[in-house]
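Here the sequence shown stands for residues 1 to 148, where the numbers follow full-length UniProt numbering.
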Amino acid sequence: MLALKDFPKARKVLDFGGFDNKLLDENYLRCVDWIEDVARVLDIKAISDFIIGTIKINFRAIIYEKKAYYGLVARDANGFVHGGRMGYMNKELHIEWVELQAMEDSIKFALSNNWENVELESDCASLLNRFNRRQEDLTMLGHRLREI
């Protein structure tokens, strides 16, 4: 681990992955001490994912041959699949609008199943950033985000 202190890019990758600098900056006398600290961090992360009753809905969207397709899968902390949906729109749209439709369908799916603790996950960073700033977003997409 001493070698990682000299490589800022490697540190950034670990930071992005959820490992804080404590694991790199701490002075460990034995390698096993570092391994135990890493295991503790991973245990805490696993416990936070195992909040009873939390359902994670992962949604995706694609555009293929002027049609927009989207889908979602709902899983619990153990990876058990509780359901899913798929849909398409026969019109040409920007990918953010298709992702928005998938997000809206995910919320409706969670409500129809009476799930109280739901975590939505998407790989569309621009949609998530707009959703987090939806009160300030003056675009049509921002207006639609405020409605859902």
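Ideal Cβ placement from N, Cα and C applies to all residues, glycine included.
In this text, all values refer to a predicted model and were calculated from it rather than measured experimentally.
Grab the span of the beta strand (DSSP E) containing residue i for me, first residue to last.
i: A77; result: Neither: A77 is in no beta strand (DSSP E) and is coded neither H nor E.
i: K56; result: 54–64
i: A120; result: Before going further, note that residue 120 is Leu rather than Ala in the sequence given. It spans 117–121 - the beta strand (DSSP E) in which L120 sits, taken as one unbroken run.
i: H82; result: 81–89
Look at the alpha carbon of residue i and the alpha carbon of residue j, and state the distance between them as a whole number of angstroms.
i: M1; j: F131; result: With a pLDDT of 47 at M1, under the threshold of 50, the modelled position of this residue cannot be trusted, and the question is left open.
i: A110; j: V118; result: 7 Å
i: I55; j: I107; result: 12 Å
i: K67; j: E92; result: 6 Å
i: G84; j: A77; result: 16 Å
i: W115; j: V73; result: 14 Å
i: residue 152; j: Y88; result: Not covered by the structure: residue 152. The range shown for the chain is 1 to 148.
i: Y64; j: L29; result: 56 Å
i: K9; j: I35; result: 21 Å
i: E121; j: N90; result: 25 Å
i: Q101; j: G53; result: 25 Å
i: M86; j: Y69; result: 7 Å
i: M103; j: N27; result: 45 Å
i: C124; j: D37; result: 33 Å
i: S112; j: D33; result: 47 Å
i: H82; j: R75; result: 6 Å
Taking C-beta to C-beta, are residue i and residue j nearer than 8 Å?
i: F80; j: G71; result: no
i: A39; j: E99; result: no
i: E96; j: S126; result: yes
The alpha helix (DSSP H) with residue i in it runs from where to where?
i: L29; result: Element bounds for L29: n/a, residue is neither H nor E.
i: E104; result: 95–112
Which residues does DSSP pair with residue i in a beta bridge?
i: K67; result: Y64
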